[in-house]
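Working notes, beginning with the structure itself.
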Amino acid sequence: MKTNIEVAVIGGGIIGCSIAYYLSQAKVDVVLFEEQQIASKTTSAAAGMLGAHSELDEVQTFYSFALKSQLAYQSLQDEIKNISGIDIERKQGGIFQLVYSNQEKETLSSLLSLPTVEWYGAEDVSNHIPSVSPNIIGAAYIKDDVNVLPTSVCRGFAKSAQVLGASILDYTKVLDIKKENNGYTLYTTNGKFQAQYVVIANGVWSSTFLKKLGLNHTLIPVKGECLSVSSNSVPLKHTLFHKQSYIVPRNNGQLVIGATMVKDDWNIQPSIDGIESVISKAKSMLPEVSDMKIESFWAGLRPQTFDGKPFIGQHPEDSHLLFATGHYRNGILLAPATGQMIRNLILQQKVPEDWIEAFKINRKKHSLV
Ligand code: FAD
Ligand code: GLY
6 MKTNIEVAVI GGGIIGCSIA YYLSQAKVDV VLFEEQQIAS KTTSAAAGML GAHSELDEVQ
66 TFYSFALKSQ LAYQSLQDEI KNISGIDIER KQGGIFQLVY SNQEKETLSS LLSLPTVEWY
126 GAEDVSNHIP SVSPNIIGAA YIKDDVNVLP TSVCRGFAKS AQVLGASILD YTKVLDIKKE
186 NNGYTLYTTN GKFQAQYVVI ANGVWSSTFL KKLGLNHTLI PVKGECLSVS SNSVPLKHTL
246 FHKQSYIVPR NNGQLVIGAT MVKDDWNIQP SIDGIESVIS KAKSMLPEVS DMKIESFWAG
306 LRPQTFDGKP FIGQHPEDSH LLFATGHYRN GILLAPATGQ MIRNLILQQK VPEDWIEAFK
366 INRKKHSLV
């Protein structure tokens, strides 16, 4: 086993695997360390919406980064399929963001002013989705907010990276990182490795390394509970979304219904109350959910930073130490742009200055309201 490497990536979720993919595509020597299996933690819990519009609370830097990432998925679908044989199941159809009152419509005015977002009255919505709630006054239709299958994207990135020369070490936990011998030594459950660059991308578990590396930040888990259901009736073609609740159609006809937002809960077992609340919200969007059969339910831990935006960039005092963590509600959407940004930082290629400023780990602290 090779123990002297150029870049060590810690974490085999969608963020770490995207980084490994883009670096190996640029012929950089990468080893990725994953404590368990690839795509086994938060990534496996995600619904897979590429919600550049539906998830946004502002139309600023974050939006340009999210759009770039959403766009990257268009070519990734074929790229990953050709290299790894894995289908990421990018599903067209977009999102109907349902609106129940004029007051609610007003809160969406900046979203509705975007050229890619269209207003549909209630009748138009029900022409597309006959079983939609009769209580809506309309919906913002966002055709570009399509969805993908998160575990397939993650495994597709990992397998493609491997084909391109990266080593993917699953069941290998990184226990400690020390600056030694002009680089970093990684102490793992499978021995010691020497790396020139280290990328911390282990999601909500990154806090230990951030503290160890002198950065006073904590990733907060925000638990999301979901379930999947199947229906014998006509399958839904579009995602329905309302105030962080959603019903996402998969290619196999199943619907993913999510999700709760339970702050500071590390337990990944869904609770009765949590599942009950997502079912109730789903019924208020699509009453016919009541007749559907439950396939499975689960929960995952969204990694949240103090302001809800990710940390992507270099350590303030050491450009060979990088962070890509805290992707909160949007790790699937942001994975391609994050992988490309980390690659460009390591290869000293151009990265827009406003992205560096927006995502740097030592940005000014202010809490989420
Ligand atoms: P993870 O997937 O958790 O990966 C981190 C990996 O690091 C894990 O595999 C872990 O085992 C490994 N690890 C930890 N410590 C170590 C160590 N010491 N050594 C080695 N490996 C280690 N985002 C979207 O964009 N669209 C959605 O529709 C969406 N829906 C969601 C729905 C739910 C219910 C939830 C919970 C999240 C959703 N998200 C969504 C958010 C998205 O899932 C996350 O932002 C994303 O998965 C985070 O990816 P990650 O790679 O940072 O973390
Ligand atoms: N982005 C959807 C979720 O985090 O639940």
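Mapping the sequence shown onto this note's numbering, position 319 (from 1) lands on 324, and the numbers just tick up by one. Where a beta carbon is used, it is the ideal one built from N, C-alpha and C, also for glycine. The structure displayed is predicted, hence computed values, not measured ones.
- DSSP, read as helix, strand or coil, puts R307 in strand.
- Taking non-hydrogen atoms of the ligand FAD into account, the C-beta of I15 is found less than 6 Å away from one of them.
- Taking a cut-off of 8 Å for Cβ pairs, the region 34 to 42 and the region 174 to 189 touch, as three or more such pairs fall below it.
- Residue environment analysis places Y192 among the exposed positions, since fewer than 16 neighbouring C-beta atoms fall within 10 angstroms of its C-beta.
- When the five nearest sequence neighbours on each side are left out, no beta carbon in the same chain lies closer than 7 Å to the beta carbon of G219.
- Annotation: the continuous alpha helix (DSSP H) that includes A127 extends over 127 to 133.
- For A145 and G99, the gap between their C-alpha atoms comes out near 11 Å.
- By the CB criterion at 7 Å, Q249 and S233 fall outside the cutoff.
- The three-state reading of DSSP puts M54 in strand, counting E and B together.
- Taking non-hydrogen atoms of the ligand FAD into account, the C-beta of F38 is found less than 6 Å away from one of them.
- DSSP, reduced to helix, strand and coil, places Q42 outside both helices and strands of the structure shown, so it counts as coil.
- Within the chosen limit of 6 Å, the ligand FAD reaches the beta carbon of Q41 through at least one heavy atom.
- Between F101 and V130, the alpha-carbon positions lie close to 8 Å from each other.
- Only residues of its own chain outside the window of five on either side were considered, and among them L169 have a CB closer than 7 Å to the CB of Q30, listed in chain order.
- Proximity of the beta carbon of G229 to the ligand FAD is indicated: a heavy atom of the ligand is located closer than 6 Å.
- In this structure, the alpha-carbon of V158 lies about 5 Å from that of I93.
- In terms of Cβ geometry, V227 and Q309 form a close pair [threshold 7 Å].
- For I225, the enclosing beta strand (DSSP E) has its first and last residue at 225 to 235.
- The beta carbons of I147 and S80 sit no closer together than 7 Å.
- At a cut-off of 4 residues, the continuous stretches assigned as alpha helix (DSSP H) that sit fully inside the region 269 to 351 are 277 to 290, 336 to 351.
- Taking a cut-off of 8 Å for Cβ pairs, the region 194 to 213 and the region 273 to 289 do not touch, as fewer than three such pairs fall below it.
- Within the region 79 to 126, complete alpha helix (DSSP H) segments of at least 4 residues are found at 107 to 112, 114 to 117, given in chain order.
- A distance criterion of 6 Å places the beta-carbon of I337 in contact range of the ligand FAD, judged by its closest non-hydrogen atom.
- I19 and I252 have their C-alpha atoms roughly 22 Å apart.
- At least one heavy atom of the ligand FAD falls within 6 Å of the beta-carbon of K46.
- The ligand FAD approaches H332 closely enough that one of its heavy atoms is under 6 Å from the residue's Cβ.
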